[in-house]
Amino acid sequence: MKVLVIPDIHLKPFMFKQAAELMERGIAQRAVCLMDIPDDWDKQFNILFYEETYEEAIRFAKKYPDTAWCYGNHDLSYVWRELETGYSTMAAYTVQKKLLDLKEVLPENNPIKYVHRIDNVLFSHAGVAKNFVDLYVPKTKHDDVDTVLDYINNLGKMEMWYDGSPIWLRPQYTDVKMYKSHQFLQVVGHTPIETITKKNNVISCDVFSTDRDGKPIGTEEFLLLDTITWDYSMVNYGNC
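Okay, so the sequence shown: first residue is 1 according to full-length UniProt numbering, each after it adds one.
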């Protein structure tokens, strides 16, 4: 299956507009959003940015209801009331309300999760490490991938709000062993990078994030992935 991956949003509603246009062109059969919808440099007081971004997310979700949505740390910081870089106390109610609105338009059988699986590819905000699975899933269940994901997707704040979880991990900077590294590809965002990169069995694609001054860190391209062959390419909205 051809999948278009929408990486970390951080108050960039244009990303949903571009992704929708790419989907309209028929380049992918399904989309995945790695979320982190709220928060960006010096935007804590601009509630309109928050509202506009969530409205675009909801519009995209209605148009493409089979999109897989993966919670990020910035999304959950408002759910769990955990302060995070860029957290806006003024926008907290708006984020909480709009996230509920987003969840309500999703099909019952396609809720927001920490980790989604499509074929032999795992999509999450930051990645699933083997030691995280070892910690929270009974060893007898480790080979049943869907059962492992069920365990993970039912965890709460106590287990998820730490550096090694699927909303916080940074496999780009360490040699952490990933879950089922020889059998499953993983696609992650969370860590801003200059270009979409594959390291071992992890593709990192957070290339829309910016510096504090608003300058793009990455190439602002979308990942287009074949979940069967694992072939992938970078899609530039303007050149597609």
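Idealized CB from N, CA, C, for every residue including glycine.
- For F123, the closest alpha carbon among the candidates E21, M35, P13 is that of M35.
- Sixteen is the threshold: since fewer than 16 other Cβ atoms of the shown chains lie within 10 Å of the Cβ of E104, the residue is exposed.
- By the C-beta criterion, the region 54-72 is judged to be in contact with the region 27-41, since at least 3 inter-stretch pairs fall below 8 Å.
- The residues G218, in chain order, have a CB closer than 6 Å to that of E194 in the same chain once the five nearest residues on each side in sequence are set aside.
- The alpha-carbon of A129 is positioned some 18 Å away from that of I118.
- Leaving aside the five residues that flank E220 on each side, the residues in its chain whose CB is nearer than 7 Å to its CB run, in chain order, V207, F208.
- Sequence-distant Cβ neighbours of A19 in its own chain, meaning closer than 7 Å and more than five residues away, are L4, I6, A31, F60, F222.
- Listed in chain order, the non-local C-beta contacts of I37 below 7 Å within the same chain comprise I9, T53, Y54, A57, D75, local neighbours out to five positions each way being set aside.
- Pairing V202 with L169, the inter-Cα distance amounts to about 12 Å.
- In the three-state reduction of the DSSP assignment, R30 falls in the strand class, which pools E and B.
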